[in-house]
Amino acid sequence: MIAPEQYPVLIVTVPLLSAFLINLIGMVDKRLCYPASLLALGASLAAALAVAARVAATGTIHYHVGNWPPPFGIEYVIDHLNALVLVVVAGVALVAAIASKRSVEQDFPDKRAQFYTLFVLLTTGLLGMTITGDAFNLYVLMEISALTNYSLIAMGGNRALVGGFNYIIIGTIGACFYLLGVGHLYIMTGSLNMADLLQLLPALFHTKAVLVGAILMLLGAWIKMAFFPLHGWLPNAYTYAPSATSTLVAPLMTKVSVYIMIRVLFSVFGAYYVFTVLPVKGLVVWLAVAAIVGGSIFALAQQDFKRMLTYLIVAEVGYMVGGVWLANQWGITGAILHIVNDAVMTLCLFLFCGIVVHKTRGHRLENLRGLFRRMPVTMAAFAVGALSMIGVPPTAGFFSKWYLILGGIDAHQWGFVAALLFSSLVNAVLFFRVFEIAYFEPAEEVHGHGAAVAIDEAPLSMLLPLVAVAIGLIVLGLYSTSLVSTFIQYAVPAGI
Amino acid sequence: MIWQFDFIILALALICAVASISLKDLLSAAIVFGAYSFVMCLLWTEMGAVDVAFTEAAVGAGVSTVFFLAAVLHTSRQVKPRRHGRFFYKFIGAAAALAIGGVLLAASADFPTWGDPASPASIHVSPHYIINTIPDTAVPNVVTSVLADYRGFDTMFETSVIFVAGLAVLAILGRFGRRTRDEAPAEFAAVPVAGQSPIIQAACRIMVPFMQLFALYVLAHGHHSPGGGFQGGVILAASFILIAISYDLRAMIGRLRERWNMVFASLGVMIYAGTGALCLLLGANFLDYSVLHRILPATSPIMARSHGMLAVEVGVCFTVMAVMVLIYVNIASHGKSDKGL
Amino acid sequence: MAMAEIFAKYNYWIYITLMMIGLYAMIAKGNLAKKIIGMSIFQTAIIVFYVSIGAKKGGATIPIIAHGHEGAEHVVRAIDYVNPLPHVLMLTAIVVGVATLGVALAIAMSIYERYGSMEEEEILERIRE
Amino acid sequence: METVVSIKPLLASLVSLAAVVPIVLSGKRPNLREAWTFGAGLVKLALVASMLPVVLAGNQIEYTLWQFLPGVAIAFRVDAMGLLFALVSSTLWIATSAYSIGYMRGLDEHSQTRYFAFFAVALSSTIGVAFAANLFTLYIFYELLSLATYPLVTHHQDEEARRSGRKYLTFILGTSIGLVLPAMLIVYSLTGTLDFNQPGLLAGAPSKAVVVVLLLMLVLGFAKAGIMPMHAWLPAAMVAPTPVSALLHAVAVVKVGVFSIFRVLTGVFGVHLLRSLDLGNLVAVLASVTILTASLIALSQDGLKRRLAFSTIGQLSYIVLGAALLTPKGMTGGLLHIAMHAFGKITLFFCAGAIFVATGRKNISEMVGIGRRMPVTMTAFLIGAMSVIGIPPTGGFISKWYLVLGTLEAHQIPLLVVLLSSSLLNAAYFMPVFYRAFFCTPEESQFEAGVVAEAPIWCVVPLVFSACCSVALFFYPQPFLHLAELAVQHILGG
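Residue numbers (my numbering), protein chains in the order written: chain A, 5 to 500; chain B, 760 to 1100; chain C, 34 to 162; chain D, 3 to 496.
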């Protein structure tokens, strides 16, 4: 019925259309919103998988929306890089949606329709940002995902409101910087299409306007991904967000922003400009080092489990940005692989966090007491995620770290290598501290010894996704080679 | 373009901007900010951006200001004097502003001269639209054809942004669960009709139908003159907001229920995305309206594009109208829909 | 610098100034409403920038193609009309602006309802309590 | 030499990992659960033993499971050195399993299912290390072992266990992430492969400085080997239940450490490189310092397990010393010591555990006269101690003999002095235990006279078995001696 050539646009439009339907359905019966969202996200994932398979088989796909040829119309370009990211985004969103059922029922039973509509729209925004080949279209979708994100966070009430407000202010600055950067390129070239810009820009590489455009777009992406020292908004916004929200945005928001940075750098400016003309190469790597070290140290200082995780996100962003600016094959491969791995790892941790919040009504470290006895399966799955964050083989986290460190050695960026190792060690300390609390300290309600703690596992709708993701982490680790050879190696710009 | 005129407008804009952020009285600040938006409209009209100016007049100077006023009335009207000045933030703010300003200034040295007809932006992509809009789409207003067709995909998401805003305001402010199936809770019925001036009420009652008629004209005539879905939708919304302001919220909700509002908002975007999907089902690319000639009687592919654009503009109008009213209602009633402004 | 050159780019300078005002307000102001006003100014500054890109001197008019009379062939020249593309982009930006404004106001009002203040310091104090 | 491709090494490693599932599922029925443990142990031993003829015939078995990058794979290679280690650990696993039943049930410990499950995981990793064909595989299994042993070490879940567990992980995980991982990546970056080969990966290394740095990173990074100053975790980890200490801290964990060092010295650096840069001495000095210091500290320990722990630290460095001698006899001695020390030390730990189960005593000062109460156990203890000291007729004598020959071969008289004085110290810290146990007047005895009360049979049988093995190995040191010789031949002849 619908030709395979149309699949790229389905990835985005199916969830978009479904979102409005979900909103209408919710007026009839709130209970239908959940299955409808799963259906929509599942369809999107299926389309993304089909497109990824086609990209792997035949190479880059171009899709002209409205049948207008670029640069006059808007074009979707799916190459090896975003085919992969699309699958990750759609997959993570689906898993997060599956797990959201009980949290949503607990947190805002009356706003389920609004929640799921915004949830699906946020995913749409992220998918659209990933798939597009047009610099301005990217901005519009960035705003969709941002606005949905603000409101999903603010739905948490109380402190989430304050976090959400700060996020709006800073997020708007970020988006505006990006838009301004696009404006600088537009005034100099007259085009908004990325491929067209890549053709037109080399003649203008010497101008300050292009330089400023690049810096503004980078700053915009960095604010959106919470790259040190622009990370101030993230911990508050994510810590106090409702669990169902943070499960979706924590794994995806920063990762998609990193993708956008990579996309803008290599598909608009080109590797030559980024690594040879831009005078910031060393600086960025050192900023990444600061992000990794700073994020890790702040994470150490937290007494709140979820907040600790948010600082880890800040550190992980440093991994990816640093990896890209190592400017070699290993580093960029590692950064892209880490987008995938970190999305899944963060998903695992936040799924766990969602379970903790659901079960204990809190996310401080003391809420974790005695969980090894109470929820052995949940804890086992969490342990896999934690080990992946530490970078223990054969979990996924180890392999991207492997590439990144190799890249650091190759580029003689010893500070970056040291920061990666430092962060692994800090993660080990952090997570074993968590394990200790969950393993050694009895839950509060149990007094005295010998009182057997009844096993009280998480509801299946939360447990199954978590276990699946934990297994996925190991599978992803074992298949990281094929991921690199099928997708990532083509995504690394040639000639570096 | 008369540069003296430009200068006056720009100077006014600067004054309004500085005033609106430095006034201690938030109500005044909001009103000055409305004036700022209006000055902006003048500036853009003067630069030939009539559609932008139109939208800004309706959105920026119109509903935004009303939103602001409503919000300020519900919160605190005064900026409180501080015990300790925010020196740190002031310093950061000033440093960031100066740094960005300096960088931008440096970049502007490389820009082509303002208004240069030979600048890259004027000769690369945009001439294509100007020259081909009539042969491609039979729509003389290039802004409309680019908005709804060449870059119609952007606009679809832009409409979604509006929808998101409405939904978000509802999700954040809305009180659910307390209300029964209908919007009218017990206390709602108890609120007496606010005693506004009868002159204003009478005037508004006369104005509203004309406003709505004008809105429809703006929507329908967007192909040929400045205007279109956005502007039409905002004017429609303004007519409802006017009722709310001159009478009270209850009077307006009586005419446009919140539930229907949400349906309209969803429906609008669905019309847009649905038109795109229809093209897809007919075997063309998403939003390739030309394929609609197969189902529209006696229509060439070119005219089909024109009709397709009209369809999506209607969708845009629905959503914008519904969402603007929704936002206003929720802000003005603090989510309770039971009080007037 | 010659007078003509100064005037050649004054639009860009104004947008930069507006932008700086907006950015400063967003960071330095402690009142949430003021931050929101700053945000709106910041966004309009960008609109000024884009619209300025689209301007054409030398007789260009608004981008609505003049109809030829009664089927008379009419040659459309790009130079006669200002650049419509930035206008389209900025319609989007205005809409995004009002959407952001709505959400920001909604959040600010919820904050006021919860913490009883629109001042950042006071809110933080009340959170600490 | 021929290379045979076979999946056996993978199966040998995975069989105990696979057993985890039935172990956990049959957690409610202890007898069935233990049957699974034994079943897996026997299958593992059979698999390992079945590879013996191939290796003794001078061949290798290889199996590549999964290629990650060129030169980086999860791959197994069974050679003489690996097989020697695998044979020791799979044999002793069965003994320890039997002993665990006696010990854990005797003390009515909690969470036994978890205990047996992680025990099985630990064994899988040990065999994985033994058969690792490259540094990458070795590292993976090394890390897996660290994590699998953490719940075992902290089994009691009390404050002391928590502290010790923290120390354990800090040292083990900290060094592996902080030192081994970067060293491995640097090696890969320099050579483009991580495969152990002859004459060593780094044969054409760029500079001595790089080699020295890498050497220190790797030797100290494998903290399980307990080379000072990376030894502090070992005494702390004695908080674990005794069978854990027995298998893991006398056999699996620590031996994995020294085995890794042995592999790295021969397979990554290569004997020729170390000889030509004269770096053997550097390692030898580290080992010697550890041997003497640890033996001296052991003298002053009253806790029996702590004394054994420090003895272990010293004995481990014998093996490292053997490797560092870089001579045929020395290396043979080192490899043999892996086996000989394992049988001797496990006997000692079994005895310590048996005493604890039977009497609840942990300190040597409380064991006056215990020989009359537990004669079998204490006789086994004597045999184990003799083996560790190196007195015939026990296996320990043979390995020490070769080590001494090795020092002479290398003309390293100071090292000879170290070995001999250490043996004296060993005697000095073990003999008092024995002396107090048997040679005391009835008044001095802390136990009721005339009562013989041994630990449960499940405890006694394994310790008698391992003590007998220690003696038997003196008279019949095959196949370990043969394997060690083959391995050395391969290392030096390559």
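The C-beta atom is built at its ideal place from N, Cα and C for all residues, glycine as well.
If you measure from the CB of residue 250(A), is any heavy atom of the ligand NAP nearer than 7 angstroms?
-> No copy of the ligand NAP occurs in the structure displayed, which carries no ligand at all.
Would residue 272(D) pass as a contact of residue 201(D) if the rule is Cβ separation under 8 angstroms?
-> Yes, these two residues count as a Cβ contact at 8 angstroms.
Can you tell which of 1026(B), 1029(B), 1045(B) has its C-alpha closest to the C-alpha of residue 1035(B)?
-> Proximity to residue 1035(B) across 1026(B), 1029(B), 1045(B) peaks at 1045(B), based on C-alpha coordinates.
Spell out a yes or no on whether the segment 107 to 124 of chain D and the segment 163 to 174 of chain D are touching, meaning 3 or more CB-CB pairs, one atom from each, closer than 8 angstroms.
-> With the rule of 3 Cβ pairs closer than 8 angstroms, the segment 107 to 124 of chain D does not count as touching the segment 163 to 174 of chain D.
Under the three-state reduction of DSSP, which class applies to residue 69(D): helix, strand or coil?
-> Note: residue 69(D) maps to strand in three-state DSSP.
Kindly list, in the order they appear in chain A, the residues whose Cβ is closer than 7 angstroms to that of residue 180(D).
-> Listed along the chain, the chain A residues whose CB falls inside 7 angstroms of the CB of residue 180(D) are 425, 429.
Whole alpha helix (DSSP H) elements within the segment 211 to 290 of chain A, 4-residue minimum = Entirely contained in the segment 211 to 290 of chain A, the alpha helix (DSSP H) runs reaching 4 residues are, in chain order, 212 to 229, 237 to 244, 247 to 267.
Look at the alpha carbon of residue 951(B) and the alpha carbon of residue 239(A), and state the distance between them as a whole number of angstroms.
-> With a pLDDT of 41 at residue 951(B), under the threshold of 50, the modelled position of this residue cannot be trusted, and the question is left open.
Evaluate the contact criterion for the segment 360 to 367 of chain D versus the segment 395 to 402 of chain D: three or more CB pairs, one atom per stretch, below 8 angstroms.
-> Because the criterion of three Cβ pairs below 8 angstroms is not met, the segment 360 to 367 of chain D and the segment 395 to 402 of chain D do not touch.
Residue 35(D) touches chain A at which residues, Cβ-Cβ below 9 angstroms?
-> Against chain A, the beta carbon of residue 35(D) has no neighbour under 9 angstroms; the closest one sits roughly 16 angstroms away.
Compare the C-beta of residue 793(B) against all C-beta atoms of chain C and say whether one is closer than 8 angstroms.
-> So no, residue 793(B) is outside the interface.
Is residue 919(B) close to chain A, meaning its C-beta is less than 8 angstroms from at least one C-beta of that chain?
-> Taking a beta-carbon distance threshold of 8 angstroms, residue 919(B) counts as an interface residue toward chain A.
Below 8 angstroms, can you find three or more Cβ-Cβ pairs linking the segment 130 to 144 of chain C to the segment 68 to 77 of chain C?
-> With a cut-off of 8 angstroms, the segment 68 to 77 of chain C and the segment 130 to 144 of chain C count as touching, because enough Cβ pairs lie within range.
How is residue 109(C) classed by DSSP in three states: helix, strand or coil?
-> Coil, per DSSP.
Name, please, each residue of chain A whose Cβ falls closer than 8 angstroms to the Cβ of residue 147(C).
-> Within chain A, the residues near residue 147(C) are 161, 162, 165.
Compare the C-beta of residue 104(C) with all C-beta atoms of chain B and state if any pair is closer than 8 angstroms.
-> Confidence at residue 104(C) is low in this model, with a pLDDT of 49, below 50, so its placement is unreliable and no value can be given for it.
Is there a Cβ from chain A that is less than 8 angstroms from the Cβ of residue 81(C)?
-> By the rule that beta-carbons nearer than 8 angstroms mark a contact, residue 81(C) does not touch chain A.
Return helix, strand or coil for residue 1043(B), following the three-state DSSP convention.
-> Here residue 1043(B) sits in coil by DSSP.
Is residue 47(C) close to chain A, meaning its C-beta is less than 8 angstroms from at least one C-beta of that chain?
-> With 8 angstroms as the cut-off, residue 47(C) does not count as an interface residue toward chain A.
Among the residues of its own chain, which have a CB less than 7 angstroms from the CB of residue 127(D), if the five just before and after it don't count?
-> Excluding residues within five positions, the ones whose Cβ falls inside 7 angstroms are 143, 146, 147, 150.
Touching or not, the segment 78 to 95 of chain A and the segment 335 to 349 of chain A, by the rule of three or more beta carbon pairs under 8 angstroms?
-> In the pairwise beta carbon analysis, the segment 78 to 95 of chain A is classified as touching the segment 335 to 349 of chain A: at least three pairs are separated by under 8 angstroms.
Using 8 angstroms as the Cβ pair cut-off and three pairs as the minimum, do the segment 1078 to 1088 of chain B and the segment 106 to 113 of chain A touch?
-> These segments do not touch.
Buried versus exposed call for residue 1086(B) [16 or more other C-beta atoms within 10 Å across all chains shown] = The residue is buried, with at least 16 neighbouring Cβ atoms inside 10 Å.
Whole alpha helix (DSSP H) elements within the segment 123 to 169 of chain D, 4-residue minimum = Counting whole runs of 4 or more residues, the segment 123 to 169 of chain D contains the alpha helix (DSSP H) stretches 137 to 155.
With DSSP as the reference, please indicate the residues paired to residue 66(A) in a beta bridge.
-> For residue 66(A), DSSP records a beta bridge to 81(A).
Determine the chain B residues that contact residue 152(C) at a beta-carbon separation under 9 angstroms, and present them in chain order.
-> Below the 9 angstroms Cβ cutoff, chain B contributes 835, 838, 839, 841 as neighbours of residue 152(C), in chain order.
Relative to the C-alpha of residue 122(D), which residue among 23(D), 71(D), 160(D) is closest?
-> Distances from the CA of residue 122(D) to each of 23(D), 71(D), 160(D) were compared; the closest alpha carbon is that of 23(D).
Whose Cβ in chain B lies nearer than 7 angstroms to the Cβ of residue 118(C)?
-> Within chain B, the C-beta atoms nearer than 7 angstroms to that of residue 118(C) come from 884, 885, 888, 905, in chain order.
Does the separation of the CB atoms of residue 148(A) and residue 916(B) fall below 8 angstroms?
-> The answer is yes: Cβ separation under 8 angstroms.
Nearest residue (CA-CA) to residue 424(D), options 488(D), 369(D), 345(D), 299(D) = That would be 299(D), whose Cα lies nearest to the Cα of residue 424(D).
Enclosing beta strand (DSSP E) for residue 6(D) [first to last residue] | Here the beta strand (DSSP E) through residue 6(D) covers 5 to 7.
Between the C-alpha atoms of residue 465(D) and residue 460(A), what's the straight-line distance to the nearest angstrom?
-> Their backbone Cα atoms lie some 41 angstroms apart in a straight line.
Top-ranked residue by Cα proximity to residue 36(A), from 384(A), 406(A), 119(A), 56(A) = Closest by alpha carbon: 119(A).
What residues in the segment 66 to 77 of chain A bring their beta carbon closer than 8 angstroms to a beta carbon of chain B?
-> Going along the segment 66 to 77 of chain A in chain order, one finds 67, 68, 69, 70, 71, 72, 75, 76, 77 with a Cβ nearer than 8 angstroms to chain B.
What does a CB cutoff of less than 7 angstroms around residue 379(A) pick up in its chain, not counting 5 residues either side in sequence?
-> Here residue 379(A) has 460, 461, 462 as same chain residues with Cβ atoms under 7 angstroms from its own Cβ, once five neighbours each way along the sequence are excluded.
Under 9 angstroms Cβ-Cβ, which residues of chain D neighbour residue 370(A)?
-> Residues of chain D passing the Cβ test: none, with the nearest at roughly 15 angstroms.
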